[in-house]
Amino acid sequence: MITGMTGGTNELGRINGIIAEVIEEIGIAMGVGSQRIAIEKPEVRETFKIARRNAPNSPIIANLGAPQLTRGYGLKQIEEAVQMLEADAIAIHFNPSQEVFQPEGEPDYPMEILDKIRDVSKALSVPIIIKESSGGLSKEFVSLFYSNGFRYFDLSGQGGTSWVAVEMFRGLRRNNWKAESAKLFSDWGIPTAATIIETRVSAPDAFVIGSGGVRNGLEVVKSISLGANIGGFALPALKAAIRGKEALKQFLQQVIFEIKAAMFLIGSKTVRDVYKTPLVIHGPLRDWMESREISLSTFESVRKRRI
1 MITGMTGGTN ELGRINGIIA EVIEEIGIAM GVGSQRIAIE KPEVRETFKI
51 ARRNAPNSPI IANLGAPQLT RGYGLKQIEE AVQMLEADAI AIHFNPSQEV
101 FQPEGEPDYP MEILDKIRDV SKALSVPIII KESSGGLSKE FVSLFYSNGF
151 RYFDLSGQGG TSWVAVEMFR GLRRNNWKAE SAKLFSDWGI PTAATIIETR
201 VSAPDAFVIG SGGVRNGLEV VKSISLGANI GGFALPALKA AIRGKEALKQ
251 FLQQVIFEIK AAMFLIGSKT VRDVYKTPLV IHGPLRDWME SREISLSTFE
301 SVRKRRI
């Protein structure tokens, strides 16, 4: 899928429209960027609504930030975001590392957020996806949400766009004192491969979107073999969409070809066959698993019994 990233301006609305047209033709899902601006400024809602208009039959994921739930947002605003897109699910994104280094950030993540999301989920008509934003999810975090009934996770591991680095450059332009500190933390996070493993062992029957630095079809298949149900990417699709509909379509067709090529070469006829592909895990990822007390035998038994 193409994970959420855009909306709120005329140009970004145009990009959402292009992405929606292409995913409708090809048959994949998409997310949009944070809809907070559209909740607070109704005049920009069209930059999000265009996604559903151009993709009437495709899975579309709405998006709001967890910090807003500590500042008055609740079921009403979340339902607004869902209805705006006639969305099939909504991602509630956590971006603590970005919030810490934003000059205008709101790094406020009390435990009450979990209670509020859980209460909203009981009244909402679509699933909630717990989403990170470039930092990955730890097994402790996933276990906490899994034990409270959540079954959908979008990992956005370290390795893709670093939102801390984005804030570093913003800070440098504004001569903000946080910029130097942001540089120190610009590669903060759990690498994508590691967060996929941590999530799968903590949530054996969850639906997991492996995202964060996924750039091609081979990396999609690697993500699935490690424990994701699907792969997700944002920046490569955005770059293609900026060039136009045909460029995005060509990029996605190339990704699909690479997925099929990788599956052919490992002898997998279906995605479920990829779940059972033998893995060789070594180097830093093997060290990570050992440090996190995740045995290969435990991981193997869990990853093969995915839904």
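Be aware that the sequence shown starts at 1, since it is given in the UniProt record's numbering, and climbs by one per residue.
Where a beta carbon is used, it is the ideal one built from N, C-alpha and C, also for glycine.
The model shown is predicted, which means the values in this text are computed figures rather than measured ones.
Discussion item. Quick check: the Cα distance between Asn229 and Phe207, rounded to an integer number of angstroms?
Written reply: 6 Å
Worksheet item: Taking just the CA atoms, how far does Val120 sit from Phe145?
Response: 14 Å
Worksheet item: Below 7 Å between beta carbons: does that hold for residue 310 and Leu184?
Response: The question about residue 310 has no answer, for the chain in this structure spans 1 to 307.
Discussion item. In whole angstroms, give me the CA-to-CA distance for Gly135 and Asn95.
Written reply: 8 Å
Fill in: 8 Å contact criterion, which Ala51 and Asn16 should meet: CB distance rounded
5 Å
Worksheet item: Would you say Lys122 and Ala91 are within 7 Å of each other, going by their C-beta atoms?
Response: no
Practice prompt. Identify the continuous beta strand (DSSP E) that holds Tyr152 and give its terminal residues.
Written response: 152-154
Item to complete: Could you give the DSSP three-state label for Ala91: helix, strand or coil?
Response: strand
Worksheet entry | For Val166 and Thr9, the rounded distance between their alpha carbons | 19 Å
Worksheet item: On the three-pair Cβ rule with 8 Å, is the region 262-272 touching the region 171-178?
Response: no
Item to complete: Rank Ile26, Gln158, Gln35, Ala20 by C-alpha distance to the C-alpha of Phe257 and give the top, closest one.
Response: Ile26
Worksheet item: What's the gap between the Cα of Glu79 and the Cα of Ala87?
Response: 10 Å
Discussion item. Since Val32 and Leu85 should fall inside the 8 Å C-beta cutoff, what is the C-beta to C-beta distance between them, to a whole number of angstroms?
Written reply: 7 Å
Discussion item. With distance defined between alpha-carbon atoms, name the residue in Arg200, Ser97, Arg36 nearest to Lys76.
Written reply: Arg36
Fill in: For residue 320, the nearest candidate out of Ala81, Ser58, Glu21, Leu12 (CA to CA)
No answer is possible for residue 320: the residues shown for the chain start at 1 and end at 307.
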